[in-house]
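Protein chains in written order, with the UniProt record's numbering: chain A, 1 to 415; chain B, 1 to 415.
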């Protein structure tokens with residue numbers, strides 16, 4: 001390459017998105033890019049001309065290794081959807097003015113569905129207007145819901161963290177005996193796609209029975225049937241553990257997490273209280289069955305736990321970043337890098353590029369036949385699909401007992 | 001030793017309590033114990049004659065290593081306080097009948113305050129009645145609130161997990177920018193003692209600013225002052241992260257987590273909803289300031305995360321288990337093993353035994369001068385005290401991408 005590269009991160013952060021950033025940087029430099037800029041807070045920050053020169057941040061190989069082990073989005077992220085081209089041409093002109101000023105040759109955007117929409121629109125605009133920049137998308141989302149790619153970087157590390165944590169919670173749940181039993185509800189991210197919730201099944205093995213039930217958002221949640229199964233399980237064992245997606249809904253379309261929220265409830269200070277799916281179900285079961293219940297939200301940690309990341313995931317994220325630069329350098333635009341699985345065992349996976357028009361704004365859900373007939377657990381096919389993605393570790397660089405991250409003070413978060 | 005040993009686990013489980021169990025087993029065997037029994041669910045299970053022969057569970061050195069890496073209480077735990085001796089002598093006679101039948105020479109109980117109360121009562125009763133069994137306590141609690149010991153096994157691993165997770169959450173919190181800022185409230189265990197909440201300060205280092213504020217339960221929580229600081233911080237930075245103990249209370253004695261609960265609020269199905277300290281504060285701040293807020297409960301994971309345990313902690317837990325057996329074998333009874341720190345740097349720590357009468361039912365809190373004057377952060381002395389306890393890792397034994405635990409099917413959890 002002869003010009004410069006600019007890279008941005010967009011959407012929800014993950015434990016692997018910075019490894020893709022490291023891959024973009026390394027490959028761009030290897031291919032001769034003069035400068036590699038990082039837009040701060042994605043396209044939204046770029047519009048305000050907020051960016052950094054990445055070579056001031058990644059100064060040596062150790063920095064690059066630390067970046068791979070740093071969770072969240074190093075450059076900051078955004079949830080910003082570009083308007084349709086005809087709605088606001090001025091905005092597009094402004095973006096290209098900035099790109100021209102920075103002598104950008106390749107624009108790499110690491111993100112999910114909405115981010116691929118950005119790539120699509122910018123590459124379309126460039127073609128129409130005759131701009132020479134190349135626009136390539138780099139997949140990233142813990143939700144694993146992007147079309148046309150076997151899986152997405154970020155998912156494997158989140159799945160490994162979920163499998164590990166669910167197993168530890170199950171172990172904990174058998175310690176104390178309660179007269180009427182204990183039901184633990186674990187709430188897992190993924191509002192529409194159940195890939196992460198299904199990963200709770202990874203806890204199951206020779207040394208762990210795994211969760212008793214798993215409820216994905218793809219299927220209607222039947223509260224009556226659920227309660228019947230809870231009662232049956234409690235008759236057999238002292239502790240029942242259930243993994244539920246935050247997005248499970250009743251037949252009438254209401255989210256379970258909405259059931260506990262009434263508009264007229266305010267607390268002592270006049271504020272409305274909100275509750276989660278797990279909290280709602282735990283309270284409901286306690287009331288109906290009279291057993292002890294616990295609600296556990298894996299929350300932000302499932303997307304930020306670099307200390308428990310998957311080696312396969314971190315390396316693939318890096319590889320995908322490099323492949324994005326390579327594609328742009330070879331003249332591709334309006335494409336996303338996809339992961340193409342060749343075999344499960346031994347696991348083999350390569351990269352390709354595919355037309356971003358076929359990916360943006362689409363959503364890949366767990367197939368119905370990867371969930372059992374009753375809708376209460378994922379099948380072996382599901383586990384066979386996920387298992388290779390959680391293999392291996394990336395040892396954290398421990399400094400004084402805590403994992404070290406890459407960080408330069410002052411570039412993010414100040415008013 | 002010539003007779004048998006029996007060991008039990010009591011109170012809240014931890015990531016290190018099974019390492020103490022491994023230490024008890026190994027030392028008992030090394031000192032010639034014929035059998036080492038494990039009571040299931042502590043003294044409560046023993047009263048129902050529920051116990052196992054540990055040699056059927058720990059069959060080789062690999063089993064012992066896995067046990068050190070297995071979270072929660074391998075034997076099951078209980079929260080059972082023995083009655084005063086004069087209230088129910090029959091109960092005590094029943095216990096000693098069982099101990100005599102099993103030819104027990106040493107009774108080791110791994111637990112916290114209430115468990116030490118059990119050791120105290122049983123050893124008192126044995127002396128009064130002329131029974132020959134020796135009773136020794138082995139400290140365990142993530143809360144670190146036992147008297148006379150420098151710290152307690154289980155605390156170091158929980159502190160390491162908290163420091164690591166809080167750091168990852170802080171990293172995550174700077175990714176997305178919100179117009180009026182983002183406030184993240186992290187709720188940490190420890191109803192009365194702030195040791196765990198203070199451990200959030202471990203996130204602070206060259207590569208992380210750490211949480212902005214830390215509120216321990218030892219000090220009165222001033223909601224007005226808290227809100228003033230939140231507003232001041234939001235004027236400076238886009239993301240504010242606060243660690244709070246689940247047990248913080250207002251001046252009038254009410255727990256903050258009680259503020260969001262009104263007796264007359266019931267959900268769509270007629271059940272009362274409960275909310276936590278972090279959830280309450282996050283909702284309150286959102287209402288008052290109009291910023292984005294998040295509530296994160298570290299919940300059960302902070303006591304069960306063996307995948308992120310401290311090597312110092314796991315080895316000390318093992319050592320303390322062995323020291324308990326040694327003390328009993330040498331004729332001590334009514335004692336607890338304590339950890340005695342000789343120096344911070346290099347960290348040196350040995351074991352001693354102390355009279356359990358001086359430990360049981362007492363509670364060690366964070367000293368006032370280890371919190372800053374405003375009551376919003378722990379001091380350097382606090383961090384210097386905790387830092388050595390989180391050093392080093394115990395690599396999980398990974399099988400197919402997930403940590404392996406020790407488990408024999410069928411001995412726990414069935415009806």
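A virtual CB, placed ideally from N, CA and C, is assigned to each residue, including glycine.
From residue i to residue j, what distance separates their C-alpha atoms?
i: residue 114(B); j: residue 360(B); result: 7 Å
i: residue 354(A); j: residue 245(A); result: 30 Å
i: residue 46(B); j: residue 95(B); result: 8 Å
i: residue 174(B); j: residue 44(B); result: 48 Å
i: residue 11(B); j: residue 309(B); result: 19 Å
i: residue 54(A); j: residue 2(A); result: 17 Å
i: residue 330(A); j: residue 90(A); result: 29 Å
i: residue 189(B); j: residue 155(B); result: 11 Å
i: residue 321(A); j: residue 127(A); result: 23 Å
i: residue 369(B); j: residue 376(B); result: 12 Å
i: residue 58(B); j: residue 64(B); result: 6 Å
i: residue 303(B); j: residue 31(B); result: 31 Å
i: residue 386(B); j: residue 395(A); result: 23 Å
i: residue 19(B); j: residue 243(B); result: 29 Å
Could you give the residue range of the alpha helix (DSSP H) that holds residue i?
i: residue 236(A); result: 223 to 236
i: residue 289(B); result: 277 to 289
i: residue 61(B); result: 61 to 68
i: residue 116(B); result: 113 to 129
i: residue 258(A); result: 256 to 259
Between which two residues does the beta strand (DSSP E) holding residue i run?
i: residue 204(A); result: Element bounds for residue 204(A): n/a, residue is neither H nor E.
i: residue 294(B); result: 292 to 297
i: residue 156(A); result: Where residue 156(A) is concerned, there is no enclosing beta strand (DSSP E), although the alpha helix (DSSP H) it sits in stretches over 155 to 173.
i: residue 354(B); result: 347 to 355
i: residue 242(B); result: 239 to 245
On a Cα-Cα basis, can you pick out the residue from the options that is closest to residue i?
i: residue 62(B); options: 22(B), 331(B), 99(B); result: 22(B)
i: residue 281(B); options: 303(B), 258(B), 300(B); result: 258(B)
i: residue 285(B); options: 248(B), 301(B), 240(B); result: 240(B)
i: residue 276(A); options: 224(A), 256(A), 293(A); result: 256(A)
i: residue 110(B); options: 17(B), 299(B), 57(B), 52(B); result: 17(B)
i: residue 238(A); options: 50(B), 415(B), 25(B), 408(B); result: 415(B)
i: residue 125(B); options: 79(B), 86(B), 225(B), 403(B); result: 86(B)
i: residue 101(B); options: 59(B), 65(B), 51(B); result: 51(B)
i: residue 212(A); options: 190(A), 186(A), 220(A), 406(A); result: 186(A)
i: residue 169(A); options: 297(A), 409(A), 283(A); result: 297(A)
i: residue 351(B); options: 372(B), 323(B), 369(B); result: 323(B)
i: residue 226(B); options: 248(B), 207(B), 314(B); result: 248(B)
i: residue 374(A); options: 150(A), 260(A), 224(A); result: 224(A)
i: residue 410(A); options: 283(A), 56(A), 304(A); result: 56(A)
i: residue 366(B); options: 82(B), 394(B), 151(B), 345(B); result: 151(B)
i: residue 307(B); options: 381(B), 165(B), 83(B), 343(B); result: 165(B)
i: residue 112(A); options: 400(A), 399(A), 362(A); result: 362(A)
i: residue 153(A); options: 294(A), 24(A), 343(A), 15(A); result: 15(A)
i: residue 383(A); options: 205(A), 183(A), 82(A); result: 205(A)
Considering only residues of the same chain and omitting the five flanking positions on each side of residue i, which have a CB-CB separation below 6 Å?
i: residue 5(B); result: 28, 33, 36, 106
i: residue 75(A); result: 9, 38, 40
i: residue 104(B); result: 4, 6, 133
i: residue 437(A); result: Given that chain A is displayed from residue 1 to residue 415, the structure contains no residue 437(A) and the question cannot be resolved.
i: residue 347(B); result: 388
i: residue 180(A); result: 290, 291
Keeping to the same chain, check which residues put their C-beta closer than 8 Å to that of residue i; ignore five residues upstream and five downstream.
i: residue 357(B); result: 120, 334
i: residue 66(B); result: 397, 404, 405, 406
Excluding the 5 residues flanking residue i on each side, which residues of the same chain have their C-beta closer than 7 Å to its C-beta?
i: residue 264(A); result: In this predicted model, residue 264(A) has a pLDDT of only 48, less than 50, meaning its place in the structure is not dependable; the value taken from the coordinates is given anyway. Correct list: empty, nothing qualifies.
i: residue 327(B); result: 136, 335, 337, 353
i: residue 98(A); result: 46, 49
i: residue 251(B); result: 220
i: residue 77(B); result: 9, 10, 11, 13, 41, 42
i: residue 378(B); result: 198, 201, 214, 370, 371
Inset, instruction - Flag this pair as touching only if the region 275 to 290 of chain A and the region 123 to 142 of chain A have three or more C-beta atom pairs under 8 Å; answer yes or no. - result: no
Legend entry - Touching by the beta-carbon criterion (3+ pairs, under 8 Å), the region 224 to 233 of chain A and the region 187 to 197 of chain A: no
Legend entry - At least 3 beta-carbon pairs within less than 8 Å: the region 145 to 160 of chain A vs the region 175 to 195 of chain A: yes
Inset, instruction - Specify whether the region 215 to 227 of chain A and the region 153 to 170 of chain A touch according to this definition: at least 3 beta carbon pairs, one from each stretch, less than 8 Å apart. - result: no
Legend entry - Three-pair Cβ contact test at 8 Å for the region 67 to 83 of chain B versus the region 166 to 181 of chain A: Output reads yes: the region 166 to 181 of chain A touches the region 67 to 83 of chain B.
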